[in-house]
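This report concerns only the one structure given below.
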Amino acid sequence: MGLFHLAALLSTLSLSSAFVLPRDEADNLDEAVFLLQCTRWEKGQESPNGIKDYLWLNENADNPTPQFYFDYPHDPTGGNGHIDWTVGTDAEPITGLLNKKTFKVWDLCKKDCTDPKNTEDNGGSPGYLQPNGRAKLEGADMRCYQIAKPFNQKLTHTSWYDCTANYYCTHSERMIRRTIFDVKDTTTEVIIARSEKNPNSDDSIPEEVKDWVIEGFKNLNIVHDKSVPTNDAIFKIKNSEHQMQYFLDVVDQKGDVVYDKHRIENITSYLVDKLAPKIIADGKFDKCKAGWAAQYFTCYYKFRFPAQIDIMVQTSLQRADDWYKKDHVLITTTKVETKDDSCQKDGALAKEMAGVFGVLGVGLSGVASALVVGLGAVFGGYGATQCGEVPLWPN
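Written as C-alpha cells, this is what we have:
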C-alpha cells in the first residue's frame, strides 16, 4: 500500500515532540510499526458500521508526521472480524508490506504477559518496557511492546475511524532515554519571613513568598549556565535560614553529537512546574509579629522541602534493562547553621512529592529515542536516607 496522510493523528498520538538528528534512512533505528484495530463511525449513529485493521509505519516514531506507510495485515488463520494479533507464530507470522519493506510479527501475547520479576516492586526499573513478541522489518530484528495509543482517521465530515494500537514494534538496537527524579524520604522545614504592612486576613501565602520558593529551584540553571564550581553552588532561600546546594555532572559536552544544551533547563522546568507547586500547596501561614512602631509586621510561612533530590538522566537499549548514566543532578536543602534541627523522616510526604513526576513506573511522558533532545520518559522515584547524611558524589 502507499503513503497514508493522516493530519488528525497528531492530536491523539505524540510519543515525543523533539528534533531528531539525521541518519541514514537504511539505518533508521527510530522507525516504529503500530498494530491497529479500527472501528468506523457515522455522525448521528449510536453503533459502528464497519471495522478494519492496519499496520502503520512511521519512520520517526519520536516525531510522528501525518504521513504513515500502511498495509492491511495478512492473517494466517483467515479469521473474520478484528484480527487477533497474538495468532502469529514463527512458522506463520502476521505479515504486511510497508514502504516496500516486508514486515513480519509473531509471538505477541495478550494482557498480563509482563514478567512479574521485572516490575519495580520486585527490583525492576521504572521506564523499562517488557518486550512482548518479535518482528522483522525487511530482515531487521524488532521487539514489540504493549501500549494503548489512540488514533483517529477522518474519512469525511460525517464519518471517521477510531483506532487503537495495542502493540507497537521498534528496532532491537534502538537506544532510549529516561529521567528519574528520586525524592529521598527526609524533608526539612523551611520558614520564610516577609515584612508586611497589611497581612492577608485569610492567612494565604503571598505571591512574592511563592516566587521565593520557586526561585530556589530556578537557581539550577544558574549553576549550569555559569559553570559554578560544585563547592560554590550554594544559594540561600530568600528570607530564610536555609540554603540549597546543587551538584551537577553532565556527561555530554558542547560539541558532542548528542549534546543538548537545554536538558538541564528541562530538568529545572520539571522542578518548577511540578514540585514547587506541590511544596507551595502544602505550605502554610505560621504567624505574624508586630515590627518597629507597629507599622509593619514580620509574617512567617512554613514549607517542607525534600532534603535531597537525586536526578539521573540515563540511556539504555530499549530491549534491555541496562541503564547508563548521562547526566546527574543532586539537590540538597539544609539549614545554614551547622546543627540542622529542621530535618525529619517523612516518607509519606516524600512519596507524594515523587508522585508529581509519576511513580512506580508510571511516568509523565513516553519512551523517547536517546538521539532525541529532551528528557525522554520521566519518572518519579523514592529512596531512603538519613538526616545529616552526606550524599556521595564523584570528585
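The sequence shown lines up with residues -18 to -1, 1 to 377 when you count with mature numbering (1 follows the signal peptide of the UniProt record, and there is no 0).
Idealized CB from N, CA, C, for every residue including glycine.
It should be emphasised that the depicted structure is a prediction, and the values quoted were computed from it without experimental measurement.
When the Cα atoms are used, what is the spatial distance from residue i to residue j?
i     : j    : result
G358  : A272 : 50 angstroms
G370  : C325 : 8 angstroms
A366  : Y127 : 32 angstroms
A336  : F85  : 41 angstroms
P259  : Y241 : 30 angstroms
D292  : F163 : 6 angstroms
K118  : G78  : 11 angstroms
E13   : F217 : 44 angstroms
F285  : Y278 : 23 angstroms
I129  : F16  : 10 angstroms
E74   : R116 : 13 angstroms
W88   : Y252 : 39 angstroms
L90   : G121 : 18 angstroms
G329  : M157 : 34 angstroms
G237  : D207 : 16 angstroms
A352  : T316 : 34 angstroms
L(-6) : N40  : Residue confidence is low: L(-6) scores 38 on pLDDT, short of 50, so the model does not pin down where it sits. No coordinate-derived value is stated.
A215  : T314 : 11 angstroms
R160  : G356 : 9 angstroms
M124  : Y282 : 58 angstroms
K290  : D53  : According to the sequence as given, residue 290 is Gln; it is not Lys. When rounded, the distance between both Cα atoms is 51 angstroms.
F287  : L11  : 41 angstroms
T169  : D323 : 11 angstroms
G363  : I174 : 28 angstroms
Q49   : L37  : 13 angstroms
D167  : W194 : 23 angstroms
K256  : K327 : 22 angstroms
Y143  : N114 : 26 angstroms
S29   : K83  : 36 angstroms
K243  : E190 : 30 angstroms
I219  : Q227 : 10 angstroms
E334  : N221 : 26 angstroms
C270  : R176 : 9 angstroms
V338  : Q27  : 40 angstroms
For residue i, collect the residues of the same chain with a Cβ closer than 6 angstroms to its Cβ; drop the 5 residues on either side in sequence, then sort them by chain order.
i     : result
S(-8) : Note that S(-8) scores a pLDDT of 33, beneath 50, so its modelled location is shaky; the value from the coordinates is reported in the next line. Counting only Cβ-Cβ distances below 6 angstroms, and skipping sequence neighbours, we find nothing.
V318  : E223, Q225
Q368  : none
D185  : F267
K25   : T140
H310  : D231, M294
L178  : Reading off the sequence shown, one finds Glu at residue 178, where the question assumed Leu. Hits under 6 angstroms: F279, C281.
Leaving aside the five residues before and after residue i along the sequence, list all residues of the same chain whose C-beta is less than 8 angstroms from its C-beta, in chain order.
i    : result
V69  : D57, P58, T59, G61, I76
I65  : Q19, D35, P55, D57, I76
I33  : Q19, C20, T21, R22, G63, H64
L299 : S154, E155, R156, M157, I158
Y306 : Q296, T297, S298
T71  : P58, W88, D89
K92  : T68
My assumption, with CB atoms under 8 angstroms, is that residue i sits in contact with residue j. Please give the rounded CB distance.
i    : j    : result
N31  : Y51  : With a Cβ gap of about 27 angstroms, N31 and Y51 do not count as contacting.
V165 : A332 : 5 angstroms
S141 : R22  : 7 angstroms
P188 : N182 : 7 angstroms
Closer than 7 angstroms by C-beta to residue i: which residues in its own chain qualify, once you throw out the five before and the five after it? Chain order, please.
i    : result
K192 : I262
K308 : V233, D234, V295, Q296, T297
V254 : I196, F199, K200
T138 : none
How about residue i: is its C-beta nearer than 8 angstroms to some C-beta of chain B?
i    : result
G362 : Looking at the structure shown, chain B is missing, and only one protein chain is on hand.
Is the region 243 to 260 in contact with the region 193 to 210, if contact means three or more CB pairs nearer than 8 angstroms? With the cut-off at 8 angstroms, the region 243 to 260 and the region 193 to 210 touch.
Take every Cβ of the region 142 to 162, pair it with every Cβ of the region 258 to 270, and state whether three or more of those distances are shorter than 8 angstroms. no
Whole beta strand (DSSP E) runs in the region 163 to 228 with 3 or more residues, listed along the chain? 168 to 178, 216 to 218
Segments assigned beta strand (DSSP E), at least 3 residues, entirely inside the region 8 to 71: Those beta strand (DSSP E) runs which fall completely within the region 8 to 71 and span 3+ residues are 14 to 24, 32 to 40, 49 to 53.
What residue ranges within the region 229 to 260 form continuous alpha helix (DSSP H) runs of no fewer than 4 residues, ordered along the chain? 245 to 252
Length-filtered (3 minimum) beta strand (DSSP E) runs lying within the region 287 to 344: 290 to 299, 306 to 317, 325 to 327
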